[in-house]
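Below is one structure; the comments refer to it alone.
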């Protein structure tokens with residue numbers, strides 16, 4: 001582990017996190033540190049609870065055990081007012097964009113500004129146009145969310161997420177279902193925004209190539225545990241079979257191709273009840 | 274595949290009991306959630322005073338857009354009352370009191386009740402579906418992450434808009450219904466115009482009838498809108514979940530309105 005929670009270069013530190021849904025344990029003793037000013041990727045197969053992890057960091061879910069500290073504050077010990085104050089410093093980009101469908105692109109980006117500030121309209125306009133310019137969609141300000149492609153919706157959501165100038169931004173599966181051009185744009189945006197705004201970024205994804213390309217540090221999660229971590233080069237060279245299977249996208253390996261089932265031949269011969 | 278236990282075993286006998294207990298506990302949990310939710314919605318009221326624009330926008334979509342439906346329904350219900358009332362009353366030579374019958378039925382019962390049922394079908398179901406879909410598309414979750422409380426920002430304006438609109442709509446329903454009764458009774462069936470209005474004026478009491486009817490419509494408005502917004506907020510965030518929640522919203526509203534109507538009627542008119 002690099003440093004502990006008192007380390008000032010660590011923005012988010014997660015210790016011994018345990019979280020279950022029903023009988024299923026999603027996380028079983030996860031430890032991670034998100035360094036300040038870097039892009040940290042959290043990768044793992046679908047269904048390993050990567051989105052759940054972001055919701056735990058944002059305080060939308062409560063762990064069964066363990067702590068999540070953001071800037072030294074234990075997220076789950078905060079009162080609602082304090083939690084909301086903390087969230088103003090955290091942006092989150094949802095997989096679907098989560099734009100408000102009854103508001104235009106412009107109003108969506110203006111939404112957090114209108115909710116949290118008393119800025120005059122002219123200032124809001126300037127800020128909104130700056131954020132939209134940063135994601136290249138200043139010209140789309142009058143469109144409604146339904147008129148946007150998936151990639152554009154994510155870029156608008158990104159503009160909205162940075163509207164309040166957060167220090168941390170969390171991306172939930174930003175590349176899923178994107179065509180190569182949108183994918184390229186998003187990769188570039190995540191990288192550039194992190195550099196230019198001095199953000200700390202957390203990218204949750206299972207798109208190996210894109211994510212490894214921009215991440216400074218990678219955590220691999222599977223079956224509720226961190227099973228690999230390191231800088232991208234170290235992960236690529238890892239001698240763990242599981243890490244190799246995931247990074248190279250092999251169909252079979254430690255993660256079997258087949259979902260656990262009864263013996264195939266016996267199953268075929270079984271008479272339906 | 275689950276093994277079916279043999280007939281008569283302890284498990285088969287306890288099974289239904291277990292399911293009943295489970296269902297009862299689930300229902301109680303939901304009732305508890307609904308009340309905590311209502312308290313949370315109420316806490317959003319001060320914000321609405323500062324941002325009346327949010328409330329007005331919802332009053333338009335919840336209230337104003339329901340006006341036509343309520344007016345037309347009220348007209349027809351009043352016309353039917355005029356026709357049916359005339360048939361019965363004229364047997365006793367009492368057709369002069371048609372105005373009283375029409376107005377009392379509308380103001381005491383049909384105005385609040387039918388308006389509430391129509392309101393839950395038109396506005397309540399829309400509220401449930403809207404909030405449910407916002408939940409399914411992570412809009413509510415996204416708002417939480419932007420440090421905006423969705424219950425205060427989204428639910429509270431809708432709840433109070435419904436709460437305020439319902440009594441106004443019920444009033445409209447009764448007023449149009451009285452006119453409908455007038456068209457049929459006076460216009461078509463020849464009841465004396467003066468008798469229609471003067472009997473109504475003499476017999477319909479402001480407190481007994483109008484105020485009690487108003488109280489009913491306030492209660493129904495709160496119940497219907499509460500059920501609608503809660504079902505949306507509590508829905509399973511999938512297409513199927515939202516569709517079920519919308520159905521439940523209308524069905525529960527109907528039960529709640531008719532059940533509480535009986536209780537309120539017993540309290541208001543039980544002794545007279």
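Protein chains in written order, with the working numbering: chain A, 1 to 273; chain B, 274 to 545.
Think of the CB as a built atom: it goes at the ideal place given N, C-alpha and C, for glycine as much as any other residue.
Just so you know, these numbers come straight off a predicted model, no measurement behind them.
As DSSP reads the structure, residue 168/A sits in a beta bridge with 90/A and 200/A.
Contact between residue 497/B and residue 397/B holds, since their C-beta atoms are separated by about 5 angstroms, short of 8 angstroms.
The beta-bridge partner set that DSSP reports for residue 303/B is empty. Contact of residue 439/B with chain A is not assigned, every C-beta pair being separated by 8 angstroms or more. Assignment of residue 152/A by DSSP, reduced to helix, strand and coil, places it in the helix class. Chain A has no Cβ within less than 8 angstroms of the Cβ of residue 286/B. Comparing C-alpha distances from residue 86/A to each of 191/A, 145/A, 226/A and 168/A shows the shortest one belongs to 168/A. Residue contact with chain A for residue 513/B: absent (no Cβ-Cβ distance below 8 angstroms to any residue of chain A). The shortest C-alpha to C-alpha distance from residue 535/B to any of 318/B, 382/B, 317/B and 378/B is the one to 382/B.
Straight through space, the alpha carbons of residue 385/B and residue 303/B are spaced by roughly 27 angstroms. Chain-order list of chain A residues neighbouring residue 428/B: empty, with the shortest C-beta distance near 14 angstroms, by a criterion of under 9 angstroms. Setting aside the 5 residues that flank it on each side, residue 395/B is surrounded in the same chain by 339 and 342, each with a C-beta closer than 7 angstroms to its C-beta; the list follows chain order. Scanning chain B for C-beta atoms nearer than 7 angstroms to the C-beta of residue 96/A yields 410 and 411, reported in chain order. Bridge partners of residue 225/A according to DSSP: 222/A. One finds 419, 420 and 421 in chain B with Cβ atoms closer than 9 angstroms to the Cβ of residue 112/A, taken in chain order.
The Cβ-Cβ distance between residue 494/B and residue 439/B falls below 8 angstroms. Inclusion of residue 423/B and residue 321/B in the CB contact set at 8 angstroms is not warranted, their separation being larger than that value. Its chain contains 369, 370, 372 and 373 as the residues whose beta carbon lies nearer than 7 angstroms to that of residue 472/B, once the 5 sequence neighbours on both sides are disregarded; these appear in chain order. Residue 120/A counts as exposed, since fewer than 16 other beta carbons sit within 10 angstroms of its beta carbon. In the DSSP assignment, the residues bridged to residue 35/A are 10/A. Taken in chain order, the complete alpha helix (DSSP H) segments of 4 residues or longer contained in the region 89-144 of chain A are 105-116 and 121-134. Ranking 337/B, 332/B and 376/B by CA distance to the CA of residue 355/B puts 376/B first.
Contact between the region 500-512 of chain B and the region 398-407 of chain B is present: three or more C-beta pairs spanning the two stretches fall below 8 angstroms.
With fewer than 16 other CB atoms across the displayed protein chains lying within 10 angstroms of its CB, residue 195/A is exposed.
Beta-bridge pairing by DSSP links residue 25/A to 20/A. Annotation for residue 459/B: no alpha helix (DSSP H) segment contains it, and DSSP assigns it neither H nor E. Under the three-state reduction of DSSP, residue 419/B is assigned to coil, being neither helix nor strand. Contact with chain B is absent for residue 69/A, since none of that chain's Cβ atoms lies less than 8 angstroms from the residue's Cβ.
At a cut-off of 8 angstroms between C-beta atoms, residue 415/B counts as an interface residue with respect to chain A. Look at residue 412/B here: in three-state DSSP terms it is helix.
Excluding the 5 residues flanking it on each side, residue 193/A has same chain C-beta neighbours closer than 8 angstroms at 134, 158, 162, 169, 199 and 201, in chain order. When DSSP reads this structure, residue 230/A sits in a beta bridge with 218/A.
Here residue 205/A carries a strand assignment [DSSP, helix/strand/coil]. For residue 41/A, the three-state secondary structure derived from DSSP is strand. The Cβ of residue 87/A sits closer than 8 angstroms to at least one Cβ of chain B.
Interface residue (Cβ-Cβ distance to chain B less than 8 angstroms): residue 268/A is not classified as such.
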